[in-house]
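Residue numbering for the sequence shown follows this note's numbering, starting at 20 and increasing by one per position. Structure first, then comments.
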Amino acid sequence: MRQPLVAGNWKMNGSTDSVNALIEGLRAGIDTVTTAEMAVCPPYVYIPQVAARLAGTPISYGAQDVSDQEAGAYTGEVAPGMLADIGCKYAIVGHSERRSIYGESDEFTASKFAAARKAGLIPILCVGELLEEREQGITEQVVERQLDAVIDLEGIAAFASAVIAYEPVWAIGTGKTATPDQAQDVHAFIRGKLAGLDKAVADGVRILYGGSMNPGNAAELLAMQDIDGGLIGGASLKPDDFLAIGQAANA
Ligand code: PEP
20 MRQPLVAGNW KMNGSTDSVN ALIEGLRAGI DTVTTAEMAV CPPYVYIPQV AARLAGTPIS
80 YGAQDVSDQE AGAYTGEVAP GMLADIGCKY AIVGHSERRS IYGESDEFTA SKFAAARKAG
140 LIPILCVGEL LEEREQGITE QVVERQLDAV IDLEGIAAFA SAVIAYEPVW AIGTGKTATP
200 DQAQDVHAFI RGKLAGLDKA VADGVRILYG GSMNPGNAAE LLAMQDIDGG LIGGASLKPD
260 DFLAIGQAAN A
């Protein structure tokens with residue numbers, strides 16, 4: 020059985036006070052989430068504060084990005100070993116905002132994925148198509164290309180210690196959600212592709228859906244066979260909404 024994972028991507032939001040309030044809200048309600056693992060990915064600077072405030076809870080934490088380099092003269096970068104050192108479990112790699120705004124390629128994303136794993140972090144690899152790619156009917160080719168870059172570098176076995184997030188770019192932060200069937204189709208495609216290379220790895224890997232997931236649509240998305248949780252942007256900034264998404268995964 021794959022334990023659902025509901026991970027919050029706070030993006031570039033927060034302050035010392037708002038982070039304290041958010042974590043307090045999560046602590047107050049985490050007992051209502053009985054099945055899913057909950058995780059938060061704050062901006063780098065708030066990770067130690069989040070770590071301290073989450074102590075004693077089952078909530079995991081990670082980073083929204085990571086360097087592909089281990090150490091040295093890389094101004095502005097944060098090494099995966101540093102994130103592991105401060106207790107991070109996860110690092111998101113290849114978020115569509117990194118790919119589209121900062122021009123990060125499939126290959127660069129794959130090198131971040133590899134660096135994260137090498138340091139003992141679990142990468143959350145984001146894949147997903149643009150609206151025009153969906154309209155051209157090439158969603159599967161795009162997702163396959165993004166996966167292949169990682170498989171070519173790391174091999175299929177790497178997905179035994181990784182998470183995949185399918186995030187249709189047209190659904191991120193837009194309020195437009197993929198229908199459960201649209202999402203399930205792509206999740207099944209991803210799992211089927213991995214199964215063609217290693218069935219056990221494909222059966223075990225958690226594939227999250229991301230794109231305007233909220234308390235109103237989470238249950239029907241999470242009920243789909245190949246949707247193993249969510250990567251949540253906007254709704255993860257509201258503790259009650261984030262917890263409600265976690266509760267939607269209760270067995
Ligand atoms: C995201 O940024 O990964 C995301 C899914 O955002 P939102 O939930 O706001 O669409």
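Glycine included, C-beta positions come from ideal geometry on N, C-alpha and C. Every value quoted in this text rests on a predicted model; they were computed, and no experiment measured them.
Per-residue DSSP class, three states only, for Tyr185: strand
Is it true that the CB of Gln83 sits closer than 8 Å to the CB of Lys137? no
Report the CB separation of Leu241 from Thr51 in whole angstroms; it is logged as a contact under 8 Å. The Cβ separation is near 15 Å, so there is no contact.
Considering only DSSP beta bridges, list what Pro142 is partnered with. Ala110
Could you tell me how far apart the beta carbons of Gly147 and Glu186 are, in whole angstroms, since I believe they sit closer than 8 Å? 4 Å
The ligand PEP heavy atoms versus the CB of Asn269: any closer than 7 Å? no
Confirm the yes/no value for this check: CB of His114, any heavy atom of the ligand PEP, distance under 7 Å. yes
Let's see if you can read the secondary structure: which residues bound the alpha helix (DSSP H) around Asn39? 35-48
Glu163 and Lys212 - do their beta-carbons sit closer together than 8 Å? yes
Residues near Ser180 by beta carbon distance below 8 Å, same chain, minus five either side: Arg136, Ile141
Please classify Pro77 as buried or exposed, where buried requires at least 16 other C-beta atoms within 10 Å of its C-beta. exposed
Leu250 to Gly229, Cα distance in whole Å? 5 Å
DSSP puts Ala58 in a beta bridge; with which residues? Ala26, Ser79
Between Leu144 and Ala184, is the Cβ-Cβ spacing less than 8 Å? yes
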